[in-house]
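What follows is a set of notes on a single structure, which appears directly below.
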Amino acid sequence: MSEQQILLAFGGIGVAALGCQWLAWRLKLPAILFLLLSGILAGPILGWLDPQEMFGPLLMPLVSLAVALILFEGSLTLHLSEWREIGSVVHRLVTIGALSTWAVITLATHWLLGFDWMLALLFGTLTLVTGPTVIVPMLRVVRPKASIANILRWEGIVIDPIGALLAVVVYSFIIASAEGAGLSQSLLTFGGVILCGSLFGIAGGWVLGSIMRRQWLPEYLHNLATLAAVLGIFIASNQVMHESGLLAVTLMGMWMANMKGVDVRHILHFKENLSVLLISGLFILLAARLDLKALIALGPLVLILLLVIQFIARPLNVLLSTAGSSLNWRERALLAWIAPRGIVAAAVSAIFAIRLDEAGHEGALLLVPLTFAVIIGTVVLQSATARPLARLLKVAEPAPSGFLIVGANGPARTLGKALQQLGSRVLLTDSSWENIRAARMEGLPTYFGNPASQHADAHLDLVGLGHLLALSPSGELNTLAAMRFRHDFGHQRLFALANSQESRRTDKHRASHEHRGQLLGSEALTYTKLASLLGQGAELYSTNLTDAFGWDDYQALHGERATLLFARDSSGWVHVVTPDSSLKPAAGWTLLALIQPESL
Numbered sequence: 001m002s003e004q005q006i007l008l009a010f011g012g013i014g015v016a017a018l019g020c021q022w023l024a025w026r027l028k029l030p031a032i033l034f035l036l037l038s039g040i041l042a043g044p045i046l047g048w049l050d051p052q053e054m055f056g057p058l059l060m061p062l063v064s065l066a067v068a069l070i071l072f073e074g075s076l077t078l079h080l081s082e083w084r085e086i087g088s089v090v091h092r093l094v095t096i097g098a099l100s101t102w103a104v105i106t107l108a109t110h111w112l113l114g115f116d117w118m119l120a121l122l123f124g125t126l127t128l129v130t131g132p133t134v135i136v137p138m139l140r141v142v143r144p145k146a147s148i149a150n151i152l153r154w155e156g157i158v159i160d161p162i163g164a165l166l167a168v169v170v171y172s173f174i175i176a177s178a179e180g181a182g183l184s185q186s187l188l189t190f191g192g193v194i195l196c197g198s199l200f201g202i203a204g205g206w207v208l209g210s211i212m213r214r215q216w217l218p219e220y221l222h223n224l225a226t227l228a229a230v231l232g233i234f235i236a237s238n239q240v241m242h243e244s245g246l247l248a249v250t251l252m253g254m255w256m257a258n259m260k261g262v263d264v265r266h267i268l269h270f271k272e273n274l275s276v277l278l279i280s281g282l283f284i285l286l287a288a289r290l291d292l293k294a295l296i297a298l299g300p301l302v303l304i305l306l307l308v309i310q311f312i313a314r315p316l317n318v319l320l321s322t323a324g325s326s327l328n329w330r331e332r333a334l335l336a337w338i339a340p341r342g343i344v345a346a347a348v349s350a351i352f353a354i355r356l357d358e359a360g361h362e363g364a365l366l367l368v369p370l371t372f373a374v375i376i377g378t379v380v381l382q383s384a385t386a387r388p389l390a391r392l393l394k395v396a397e398p399a400p401s402g403f404l405i406v407g408a409n410g411p412a413r414t415l416g417k418a419l420q421q422l423g424s425r426v427l428l429t430d431s432s433w434e435n436i437r438a439a440r441m442e443g444l445p446t447y448f449g450n451p452a453s454q455h456a457d458a459h460l461d462l463v464g465l466g467h468l469l470a471l472s473p474s475g476e477l478n479t480l481a482a483m484r485f486r487h488d489f490g491h492q493r494l495f496a497l498a499n500s501q502e503s504r505r506t507d508k509h510r511a512s513h514e515h516r517g518q519l520l521g522s523e524a525l526t527y528t529k530l531a532s533l534l535g536q537g538a539e540l541y542s543t544n545l546t547d548a549f550g551w552d553d554y555q556a557l558h559g560e561r562a563t564l565l566f567a568r569d570s571s572g573w574v575h576v577v578t579p580d581s582s583l584k585p586a587a588g589w590t591l592l593a594l595i596q597p598e599s600l
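Note that the UniProt record's numbering numbers the sequence shown so that position 306 is 306, with each residue one more than the last.
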């Protein structure tokens, strides 16, 4: 390819990646589906993109480094302290259940497709992983009960690095078996891979973590140092022991995530952004290399394998994992239906297939199209059917009516508790640990972090939430949050405190109304005024309207001392009151207002 053609190909990949990510955001579907389809369209179907010709001998080294960074980023999310908090069902889903899924897929791949046992074992590990990047968008569409959503979300987060680690171990054993003169030599080689990868990974994580903890590097160099360390550990481990690098970087991320005194959040945010770039480009390139003829040649056996995964492997996993739990049969049925495959399966299968083919394993190249077929099949089938199935089983949440509250400060906690008493689900977010800790002490659900971060996109549980209340003292954060969640909730359900600084600015310097959201309260409240009123003794009062005590009586009693904030109608729906509201509360409604003491 000429230089101009290569530049055009790079530009096209970038545009396609952005388009796929945007389309996934708009449709609330996993981006991996659109990335793979665009790669298949540009590569084997239209012939516009040939990665081998474009990169030549650099293709596989670049893919290897990209996979190493993706696995490292995934392992940074596995905190061992959370293992005790995620519940027995999730524990079993990622242990006993995962082993049963592995066994069923391995047996089916061997008997249906004629794969040898080694490749069948590897394929089983590649396709038992779900992951948050495919689960979270699906949950936002399906909206199952919170108990089901939490189980699926935590399963995706925990199984991601565990599945990757298991795949690396199986792959290492296959390579060791091919290079060894016998079983004993294979086991020695395999042990060497595990030992070398573990030593390099743990040592690399400890050294880098110690440097960060002792502040030997300025914070602005942490991301660069981490990137260099991950690539260095990967290359060095592979130089000492062939194919031990992926295990090393996976363990390195796990070690840093669980090292005391090391804050990896800023690194994680950088790696997440880098992973989006790598994943987008990588999947388009890998899909462009698919051998569709080889996949089609497998015929209906691929469909049978998909049916085995969907109707045998997953239900057996859930059956074993939920035995003795409080989940009813309807909830278990939905759990047994939802398990889309994702990023780890696609990324790792490509590099392993090429390496195994080079090592002489017959049929290894079929791992890639077969894995991609499972990904596309599970994502398409489950995305199209999970929501109707949840409604049929009566385990879908009704129209989301809860409140995502930006800020866990004192006023936000007060409003959060009042909304809880009205029967609404609330979730408070804040980057201040002191505020989060205070909210948790008061029994309020929280998310510790910026709600507009990449981490929040994957981990923030929006099930049951349909409104945004931006109650942070930072007007800029409130506006950012309103812009971020406008697509999820709609403009009519975005509410924020008034900003006194905004009112003094000209239109040229003031955020537009559609970006700020609607103002909270029958009389617009700023954060300063709300905090001041609460500090001077104003309280939130809940009042039930009856035939004997109606809306006119309420107004006559409280007059200007009351700032109406929320009103729950007779059907249980909570309305947020704004200065432009034209509500006419009637008997059976409940009003929540900030009432000032008469002395004010």
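For each residue, glycine too, the CB sits at the ideal point set by N, CA and C.
Note that the structure is a prediction, hence the values are computed from the model and not measured.
Under a three-way DSSP split, which group does H509 fall into?
Because H509 sits at a pLDDT of 48, beneath the cut-off of 50, its placement in the model cannot be relied upon, and the following sentence gives the value as read from the coordinates. Residue state, collapsed to three classes: coil.
When you compare only the Cα positions, how much space is there between S453 and I279?
18 Å
For S571, is the classification buried or exposed, using 16 other Cβ atoms within 10 angstroms of its Cβ as the cut-off for buried?
exposed
Pull up the distance between the alpha-carbon of A438 and that of D430, whole angstroms please.
11 Å
Can you tell me where the beta strand (DSSP E) with Y447 in it begins and where it stops?
Per DSSP, Y447 is one residue of the beta strand (DSSP E) stretching across 446-448.
Could you say which of V134, Y171, L59 lies nearest to L353 if we only look at CA atoms?
Position check: residue 353 holds Ala in this sequence, whereas Leu was assumed. Ranking V134, Y171, L59 by Cα distance to A353 puts Y171 first.
Measure the alpha-carbon distance for F34 versus W206 and round it to whole angstroms.
Going by C-alpha positions, F34 is about 38 Å away from W206.
Short check: CB of T446 to CB of L469, under 8 Å?
No, the pair does not count as a contact, with Cβ atoms beyond the cut-off.
Are S472 and V576 close, meaning C-beta to C-beta below 8 Å?
Not in contact: S472 and V576 (Cβ atoms no closer than 8 Å).
When the Cα of K584 is compared with those of E598, Q596, L564, I595, which residue comes out closest?
Nearest to K584 by C-alpha distance, out of E598, Q596, L564, I595, is L564.
E3 and I148: beta carbons closer than 8 Å?
Taking 8 Å as the Cβ cut-off, E3 and I148 do not qualify as a contacting pair.
If we ignore side chains and look at the alpha-carbon of each, how far apart do G475 and G466 end up?
21 Å
What three-state label does DSSP hand H467 in the structure shown?
strand
What residue from E358, D160, P57, L415 has the CA that sits closest to A346's CA?
D160
Taking the continuous beta strand (DSSP E) assigned at D546, which residues delimit it?
The amino acid at residue 546 is misidentified as Asp; the sequence shows Thr. No beta strand (DSSP E) contains T546, which DSSP labels as neither H nor E.
Where L36 falls, given that 16 or more other Cβ within 10 Å makes a residue buried
buried
Assess contact between the segment 221-235 and the segment 52-61, defined as three or more Cβ pairs (one per stretch) separated by less than 8 Å. Is contact present?
no
Limits of the unbroken alpha helix (DSSP H) element including I436
433-441
How about G490: is its C-beta nearer than 8 Å to some C-beta of chain D?
You won't find chain D in this structure, because it holds only one protein chain.
The segment 412-424 contacting the segment 388-395, beta-carbon criterion three pairs below 8 Å:
No contact exists between the segment 412-424 and the segment 388-395.
Relative to the alpha-carbon of W259, which residue among L217, R213, L301 has its alpha-carbon at the smallest distance?
The sequence shown places Met at residue 259, rather than the Trp named in the question. When only C-alpha atoms are compared, the closest one is R213.
Between which two residues does the beta strand (DSSP E) containing A593 stretch?
590-595
Can you tell me the Cα-Cα spacing of residue 636 and D580, whole angstroms?
Absent from the structure is residue 636, since the part of the chain shown begins at 1 and ends at 600.
To test your reading of the DSSP string, which unbroken alpha helix (DSSP H) runs of 4 or more residues are found completely within the segment 248-306?
265-288, 292-297
For my contact list, I174 and L356 are in at a C-beta cut-off of 8 Å; report their separation, rounded to the angstrom.
7 Å
Taking the alpha helix (DSSP H) that V240 belongs to, which residues open and close that run?
For V240, the enclosing alpha helix (DSSP H) covers residues 222-240.
Output the residue ranges of the alpha helix (DSSP H) runs that lie fully inside the segment 337-393 and measure 4 residues or longer, sorted by chain position.
343-358, 367-392
Less than 7 Å between C-beta atoms, sequence neighbours within five positions excluded: which residues of the same chain meet that for A108?
L305, V308
Report the residue from G363, N317, S326 whose alpha carbon sits nearest the alpha carbon of L298.
Comparing Cα positions, the closest option is G363.
Going by C-alpha to C-alpha distance, which of C196, D263, F403, V230 sits closest to V240?
C196
Please classify H361: is it buried, with 16 or more other beta-carbons within 10 angstroms of its beta-carbon, or exposed?
Its Cβ being crowded by 16 or more others within 10 Å, H361 is buried.
Closest residue to F448 among R265, V141, R486 (Cα-Cα distance):
R265
From A548, L49, L366, pick the residue whose C-alpha is nearest to that of G114; which is it?
When only C-alpha atoms are compared, the closest one is L366.
In its own chain, which residues sit with a C-beta less than 8 Å from the C-beta of L217, not counting the 5 before and 5 after it?
I211, A225
Buried or exposed by the 16-neighbour rule on C-beta atoms within 10 Å, applied to D552:
exposed
In DSSP terms, what H575 is bridged to:
A567
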